[in-house]
Amino acid sequence: MSITRDQIEKVALLARLELSPEEAEKLTSQIAAIVDYVDQLGELDTDQVEPLAHPLDTSNVLAADEVQPSLSREDALRNAPRHDGEYYLVPPVLGE
Amino acid sequence: MSQPYTTIIGLEVHVQLATASKLFCRCSTTFGAPPNTHTCPVCIGMPGALPVMNRRALELAMKTAVALNCDIPRFTKWDRKQYYYPDLPKGYQISQYDLPMSQDGFLAIEDPKGEFEPKRVGIIRAHLEEDAGKSMHDEAAGTADSQIDLNRTGTPLLEIVSQPDLRSPLEAKTFLTELRLLLTYLNVSDCNMQEGSLRVDANVNLHIDTDAGQVATPIVEVKNMNSFRAVERALAYEAERQYEVWQETGQKLGDVPKQTRGWDDADGVTRGQRHKEESSDYRYFPDPDLVPVVFSPEEVDRVRAALGELPAVLRERLAREYDITPYDADVLVNQGRGVVDYFVRVAERSGDGKQASNWVQRDVLRAMKEQSVSIDALPITPDSLAELIRAAGQGKLDSSRARDVFAQMLSERQSMDEAVAALGIAQVDESELVALCRELLAANPQIVEDIKQGKTKAAGALVGQAKKQNPNVNPARVMELCVELAGQM
Amino acid sequence: MTMALVDLTAREHLARLTAGELTSVELTTAYLDQIERYDESVGSFLHVPRDQVLERAAQVDHRRQRGETIGALGGLPVAVKDVLCTRDMPTTCGSRMLEHFQSPYDASVVERLLAADAVILGKTNMDEFAMGSSTENSAFGPTRNPWALDRTPGGSSGGAATCIAARMAPLSIGTDTGGSIRQPAGLCGVVGLKPTYGRVSRYGLVAFASSFDQVGPITRDVADAALMLETLAGHDPRDSTSIERPVPAYSQSVERPLTGLRLGIVKEHYGPGLDGQVEQAVRAAIDVYRKLGAEVREVSIPHGRYGVATYYVIAPSEASSNLARYDGAHYGYRTDQAEMTAALSRERAGLEAAGDTAAADALDAPLVRMYRRTRAEGFGPEVKRRIMLGTYALSAGYYDAYYLKAAKVRRLIRQDYEQAFQQVDLIAGPVTPSPAFKLGELVDDPLSMYLLDLYTVSANLAGIPAISLPCGLTDDGLPIGLQLQAPHFEEERLLRGAHMYQHETDWHTRKPPLL
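Chains as they are written, first to last, in our numbering: chain A, -12 to 83; chain B, 55 to 543; chain C, 260 to 774.
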């Protein structure tokens, strides 16, 4: 399965990356090469195999519902690129 | 049905579970805190922070799923639903995708006025997920920065998805009312719509009968409905709108992509919301930071056994055991567990279910409303009310005096005896009463004449006069005596 | 030539500290001086707050002098990879995105180090967000191999490995997602251990690929690694994938040889692509085990050849998700917003003036533009490449063919190891197919770079522990590493087995010519 430049542009939007035309061009060929390599997985018959999401089989890890102290607002906002002392500020969500 | 179509409705309900801390961190879930004061590295999605599932949230979700008659699979897992939005700081929401914690249940609904046939509404699934934060936008210009508050981020939600089994806005509203009641009985959520503890989205379309057979219109998702009344109105509007659009365009299901419309409560209309196509590719995959949960059948049985009596069963039992009508049982049960417990106690102690039901429905509910207090905070205990009902039943108090006593007990926080004393209510001596009646009959010969001719109701006119002279007299006894004494005259 | 203080092992330092022959300030100063002398050419560290470090060392000394109980690493300097959160040092992950980020909390392993009275020496350089095999992907410049400064030290824990090789720290901690501890350790002639997944807490380890990432020690010899692991390992209720299981006293048992050792060699390892000198050194190492009485058996990991393909689907998929949070909204880098907004208005005006309203409508909303530009400017090429690859592998229509398929093959690989470990106690083999390569040699050939992970990714896919230890030098004087792998939670066996080899050989005592 080969990857097209158009697909790369779509994936870039999904991934919220802005690509220059040169970057898009380069990524198209690099990712195509990697995907071609990865396609060898298709050789294996895995119909009867359960996927593995965790390398160890554990389950039911649960914590007690007990409130613990939160960060101070100052600490929470300290790393924010923009804030007004109360809220994080981001460019208008609804703007066109 | 007057319309040439059937409305097909499925609901998606998000319920905030009543935990003290969030789903994956131990920040408080208390509503209304100052912005960004209930957050930590986990719910801000800071680098390196990891989620740990809240046990209580899982228990509440399980309880709900079992009460909704759902199957609880042995194995469930957590998935990431990925999209970018500033109220979702990790860039993904932890939710459940292909293996939800419950599926295939139902909720039975019935209209006490019989406007639709009783039915079971299928529940496709109920799954746990985390809530997002809140964004506040500059609505006017859309040019100023949006403000983000992450206090709500990570609050546990149960998403309950119904089958498209609902056939009218009334059925949808009834389903929601019954669901809210169930959740309240289970103590899994406060279901406060104003605070966002219960949110409803609806999927709606029409099946239209035409000469060429049945036609389905495109499905529309309706959002922004902030009360059950709004749901009912929005769905009614949307059905009409879809019928009109169909008449104009003939568009059928599959002709256009699924549309999302927002309900404008002030204008009473739904409006299309613009969505970019790519936003629907959520790239779900299993969250590697959280391990699966495995339920044993014994655990599920234990949860089922501990559910307690749910509304549908309770309605039947109240009607049967306390000799009240199904309608009255419905009213009582719909008031919630607290009122039902109050009623049961009053009925048991007074030995009169009907009177207990009347008093609770009429006086107790009004008192709660007027004083805006919960049943637990009402100054009149169920035992005091039972005492009052007994006194009235024994003729010690007439019904209007009993209500005066109730009002006195309520406002002055007095016991029945104190209230009776404070109101100067005393038992009237029989000889005193006979004397009073004689006096009144003597002064009203016309009434005596009427009574003698068999118009015993004429004695009623004397009751008011008797009460004027002595407010403690029992009107029924005054009537009896007057008829008796007039006969002797 | 007398042996310098910095040539001693951590255990030797500890003995002197405990005996009162050496203070932590003296020791720490020796390493800080070493950093001043060599780090300009090597580039191991991103951050060394000299005064703060010495103050901490003085505190430990003071407490020891007062006779207080001191922790297991009392007064030993430890270098920490910059992917682990620290409250009082920056945590950049080698990325512009987090250049000015200050974590409000310490990673669990950092808490453990502090509780053991270690002195955190500084934060070490790495491939951006731990993605890479050369430490060239750091936004703050590459790290160089002390054995040959024109070569890479491997990666992503390049700083963590080189600071041990160049005697700039006695102990260091790295992280390993597909080989990021073992590969640089192998290429730099030091010891690197990747524990069993879940053995060490990931809380505060900035995630690259959550189902692979593990923290582990990089040290001069195996016994030091045992000492270090003892402090790092253990259950953490803040990490759901951390396993509740007692931690053996690794440092007590490490010197006890394994008896009746059955050592596995994987027949698929010795094929084309494996450098001749590397193969020779690894075979010679296996002969050492034979001489020690081990029974060497051939085993098969039939799906091992799919390891790199499997890894480069799942790890980027997880990474694309883990790195979504770096969007300029709540912390970290954000593009110049005023400039961005102005540019967007200009574009819109231009399109509208040209009458192209469709194109004007299709422009990104300001928020979307902010996200895209922030990420374009904040991430380097390798990180973008993996985000793109992972986003693609999870996207509608490709999930089944890529993510799901790879997750199934991952199970097959784990099963291969389970079967192999029925027959042998440890598996031995190469760490890398070839010795350290030149800086810049592979930057534009990502696939070739990925293929270097052939021998290391399997342990991460299966979640098993593995160690890399020096076993030779090439004709050009470049280190060669031997890898040992063990079943889940058999770190003790792994360390004892590795120590047996070091007891017979002296590769781990060799110094880079730079020193």
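C-beta atoms are modelled at their ideal positions from N, C-alpha and C, and glycine is treated no differently.
Alpha-carbon spacing of residue i relative to residue j, whole angstroms
i	j	result
B:Pro272	C:Gln681	59 angstroms
B:Pro89	B:Asn205	6 angstroms
A:Ala63	C:Asp595	22 angstroms
B:Phe349	B:Thr118	15 angstroms
C:Pro640	B:Gln157	44 angstroms
C:Glu779	C:Ile726	Look at the range of chain C in this structure, 260 to 774, and you will see that residue 779 of chain C is not part of it.
A:Leu17	A:Arg(-8)	Looking at the sequence itself, residue 17 of chain A is Gln, so the reference to Leu does not match. For A:Gln17 and A:Arg(-8), the distance between alpha carbons rounds to 11 angstroms.
B:Ser544	B:Met470	The structure shown does not extend to residue 544 of chain B, since chain B is modelled only from 55 through 543, so no value can be given for it.
B:Arg234	B:Leu240	10 angstroms
C:Ala608	C:Met599	14 angstroms
C:Ser393	B:Asp343	27 angstroms
C:Val319	A:His70	39 angstroms
A:Glu5	C:Val312	41 angstroms
B:Pro154	B:Leu236	21 angstroms
C:Arg296	C:Val265	13 angstroms
C:Thr715	C:Glu557	19 angstroms
B:Leu307	B:Asn259	9 angstroms
Short CB-CB distance (under 7 angstroms) between residue i and chain B
i	result
C:Val474	no
A:Arg(-8)	no
A:Glu5	no
A:Leu76	yes
C:Ala269	no
A:Leu49	yes
A:Val80	yes
C:Gly463	yes
Burial state of residue i (16 or more Cβ within 10 Å)
i	result
B:Asn528	buried
C:Ala425	buried
A:Gln27	exposed
A:Asn47	exposed
C:Asp409	exposed
A:Arg3	buried
B:Glu225	buried
B:Gln268	exposed
B:Tyr381	exposed
C:Pro705	buried
B:Ala339	In the sequence as presented, Ala is not what sits at residue 339 of chain B; that position holds Phe. Buried, since its Cβ has 16 or more Cβ neighbours within 10 Å.
Residue j beta carbon less than 7 angstroms from that of residue i
i	j	result
B:Val120	B:Leu212	no
C:Arg593	C:Arg755	no
C:Ala578	C:Gly475	no
B:Asp219	B:Gly159	no
C:Pro625	A:Pro78	yes
B:Leu535	B:Gln519	no
C:Leu741	C:Pro405	no
C:Ala468	C:Cys730	no
C:Ser512	C:Leu486	no
C:Ala269	C:Ile524	no
B:Arg110	B:Thr83	no
C:Leu653	C:Tyr662	yes
C:Ala588	B:Pro140	yes
Contact set for residue i: own chain, Cβ-Cβ below 8 angstroms, skip 5 residues either direction
i	result
C:Cys352	Asp341, Val342, Met385, Glu387, Phe388, Ala389 and Val465
7 angstroms Cβ shell around residue i - same chain, five flanking residues per side excluded
i	result
C:Ser604	none
B:Lys227	Phe282, Val285 and Glu286
C:Leu622	Leu603, Glu606 and Arg607
Beta-carbon contacts of residue i that lie in its chain and below 6 angstroms, excluding the five residues immediately before and after
i	result
C:Ser367	Ser460, Tyr462, Gly463 and Asp495
Chain A within 7 angstroms of residue i, Cβ atoms only
i	result
C:Ser499	yes
Chain C within 7 angstroms of residue i, Cβ atoms only
i	result
A:Pro38	yes
B:Glu332	Residue confidence is low: B:Glu332 scores 46 on pLDDT, short of 50, so the model does not pin down where it sits. No coordinate-derived value is stated.
Heavy atom of the ligand SAH within 6 angstroms of residue i beta-carbon
i	result
B:Ile126	Among the ligands in the structure shown, none appear at all, so the ligand SAH cannot be discussed.
**Asked** Quick one, which residues of the region 620 to 650 of chain C are near chain D if we go by CB-CB under 8 angstroms, in chain order?
**Response** Protein chains A, B and C are contained in the structure displayed, whereas chain D is not.
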